[in-house]
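Here the sequence shown is numbered in numbering that gives the first Met the number 0, starting from 0 and rising by one per residue. Just so you know, even glycine gets a beta-carbon here, dropped at the ideal spot from N, CA and C.
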Amino acid sequence: MKTTPDGRPIPPTHADERAMLEAWLDFHRATLTLKCADLKDDQLRLAAAAPSSMTLLGLVQHLAEVERNWFQRVFAGEDVPPVFGQGNHDGFALEPGRGLAEVMAVWRAEIARGRALIADATLDDSGRLPEQDAEHVGHHGVSLRWILVHMIEEYARHNGHADLIREGIDGVTGT
0 MKTTPDGRPI PPTHADERAM LEAWLDFHRA TLTLKCADLK DDQLRLAAAA
50 PSSMTLLGLV QHLAEVERNW FQRVFAGEDV PPVFGQGNHD GFALEPGRGL
100 AEVMAVWRAE IARGRALIAD ATLDDSGRLP EQDAEHVGHH GVSLRWILVH
150 MIEEYARHNG HADLIREGID GVTGT
């Protein structure tokens with residue numbers, strides 16, 4: 000597999016649909032990792048811009064929650080609590096003692112659990128949305144294909160936020 004100069008895996012230009020979707024999701028996961036690299040704890044906790052309280056550390060926590068939600072709750076139908084506690088359903092709230100190493104380990108564990116849950120599934124296999132989400136989508140069932148596309152969109156959008164936050168911290172751009 001080829002990589003970008005900064006080490007992210009380049010998605011194949013020709014592959015079957017499943018391989019392509021998973022490669023693009025992995026590319027965006029690697030982008031988030033890179034956005035957090037080489038920063039101190041206080042920098043990872045800097046908010047994007049008023050009035051937003053979004054931080055790079057909060058984004059990693061949020062995406063750990065997103066991973067858990069879509070692969071464990073929705074696809075596999077598991078009843079699992081929020082990753083970072085009942086009072087932190089979206090994952091954005093920070094705790095003073097929880098740093099990047101711990102958050103990244105939790106995030107990577109959520110990714111690994113999701114991969115295991117979908118390993119033998121087909122793109123047409125379905126999970127079940129909660130009632131309130133089904134109302135928005137118009138259906139309870141959601142295919143693994145839909146989930147993977149949504150995850151790519153979720154990471155791409157938040158990596159855009161991470162770009163702006165990182166640029167504000169130390170001027171690093173272009174990842």
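Under 8 Å between C-beta atoms of residue i and residue j
i, j, result
"glutamate 66", "glutamate 109", "yes"
"alanine 49", "glycine 167", "no"
"glutamine 85", "glycine 113", "no"
"leucine 93", "threonine 32", "no"
"leucine 116", "arginine 17", "no"
"histidine 261", "alanine 155", "This structure gives no information on residue 261, because the portion of the chain shown stretches from 0 to 174."
"glutamine 42", "phenylalanine 91", "no"
"histidine 88", "proline 95", "no"
"leucine 45", "histidine 160", "no"
"isoleucine 146", "phenylalanine 83", "no"
"valine 136", "leucine 128", "yes"
Where residue i falls, given that 16 or more other Cβ within 10 Å makes a residue buried
i, result
"histidine 157", "buried"
"glutamate 64", "buried"
"alanine 100", "exposed"
"glycine 126", "buried"
"histidine 13", "exposed"
"lysine 34", "buried"
"isoleucine 9", "exposed"
"threonine 30", "buried"
"valine 141", "buried"
Distance between beta carbons of residue j and residue i, contact taken as under 8 Å
i, j, result
"leucine 62", "isoleucine 151", "Not a contact, Cβ separation roughly 12 Å."
Self-check item: Any alpha helix (DSSP H) of 4 or more consecutive residues that is wholly inside the stretch 14–91
Solution: Here the runs fully enclosed are 16–35, 40–43, 55–66.
Self-check item: Completely contained beta strand (DSSP E) runs for the stretch 118–146, where each covers 3 or more residues
Solution: Within the stretch 118–146, the complete beta strand (DSSP E) runs of at least 3 residues are 125–127, 140–142.
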